[in-house]
Amino acid sequence: MKKSSSTKGLPPCPESNHKTNTVKNRAFNFSILLLLFLGSLYFISIPSRLRPIFSSPNPPRNSSTTFEMIVQRDELDTILAETSTENKTVIITVVNKAYVEGDKSMLDLFMDGFWLGDGTWGLIDHLLIVATDQVSYERCKFLRLHCYKLETDGADFAGEKVYMSEDFIKMMWRRTLFLGDVLKRGFNFIFTDTDVLWFRNPFSILSPNETIDFQISVDIFNGSEPDFINTGFYMIRSNNKTIALFDHWYAKKEVSFWTKEQDVLKALMRNGLFRDLALNVRFLDTLYFSGFCENSRNVGVVVTVHANCVVL
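Using full-length UniProt numbering, count along the sequence shown one by one with no gaps and you end on 312.
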């Protein structure tokens, strides 16, 4: 088990007042939410345990990309193997410098859910922090977590990226490319944004059915194929269908430059790609996988809360 004796972040680098205030406000709201829900968990608890979800996936395939990304394949294969469960499932989040700076950073708050949640402590062994710059990588190593530094040629993802800015959209597409590569290496994964708070072990709610390829959170749940899928939390199984999904998804990058990757996936879904690939998709009920767009109806069963639909 990885645990640090200190959660104090590295000294922040000078930034503009606007960016500093944005990060502080976001971290403050994140802290309040964490305290409220952890207080509830003190009185309300449900049993949970880590269960096998996936059988051995198909062998990895080679990938082709539209830009040069430096990937140390041996190192990535090694860290994925070290981090994954017995059935090759890993939990992945992506951070940069803006998420690790300050006395109580976004990464610190994210990790609090794993330290203090119901049945989440053991999941730290299967959590991979993907750092997009040296500062966030060093902070991850200081916390003694599983860390991988993603080196991308000609791009700087260190600072805070304003929502829907050019750098923000580029970073989301680079993330999509990386996650597709993880699938091609034969690993299943849960992807989680760093602003998703984990209160319980999600494996107790995620379906263990091996025929389900893709389980994804939604902003508003109606029980069927929604227009409000949210790529901030999802679980995906490595197979030919899901690899093809990520290939189709990333292929839209060049013709959807000013559109974030989540909206492109929504469009692909509406245009029938899920059906064409014969993907078995499960949309996660907001009763368990909640967010600020649609709060859970029962705090006693909520698993994750996404700090979305908030204007700071």
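No residue lacks a Cβ here, since even glycine has one placed at the ideal position from N, Cα and C. Quantities reported herein were computed from a predicted structural model and do not represent experimental measurements.
Per DSSP, cross-strand counterpart(s) of H306:
V196, G291
Output the boundary residues of the beta strand (DSSP E) element that contains N230.
Per DSSP, the continuous beta strand (DSSP E) segment holding N230 begins and ends at 229-236.
Once you ignore the five residues that flank P226 on each side, which residues in its own chain have a CB closer than 7 Å to its CB?
V218, I220, F283
Which residues does DSSP list as the beta-bridge partners of N188?
T89
Roughly how many angstroms lie between the CA atoms of V130 and D247, to the nearest whole one?
Rounded to whole angstroms, the separation of the alpha carbons of D247 and V130 is 21 Å.
Exposed unless 16 or more other CB atoms sit within 10 angstroms - verdict on N17
For N17, the pLDDT reaches just 47, beneath the cut-off of 50, and the residue's location in the model is therefore unreliable, although a value from the coordinates is still provided. Exposed, since its Cβ has fewer than 16 Cβ neighbours within 10 Å.
What three-state label does DSSP hand A278 in the structure shown?
coil
Can you tell me which residues form a DSSP beta bridge with S217?
N230
Quick one: what's I129 bridged to in DSSP?
Per DSSP, T93, C147.
Residues sharing a beta bridge with D118, DSSP
Looking at the DSSP assignment, D118 forms a beta bridge with R200.
Which one of R297, T83, V302, E82 has the shortest CA to CA distance from I205?
V302
With respect to the alpha helix (DSSP H) encompassing V135, which residues constitute its N-terminal and C-terminal limits?
134-142
At what residues does the alpha helix (DSSP H) containing D247 begin and finish?
240-251
Return yes when the Cβ of N188 is within less than 8 Å of the Cβ of R237, no when it is not.
Going by beta carbons, R237 and N188 fall inside the 8 Å limit.
Taking 8 Å as the limit between beta carbons, can you name the residues of its chain near Y42, skipping five residues before and five after?
Reliability of the predicted coordinates at Y42 is poor, the pLDDT of 42 falling under 50, and no value is obtained from them.
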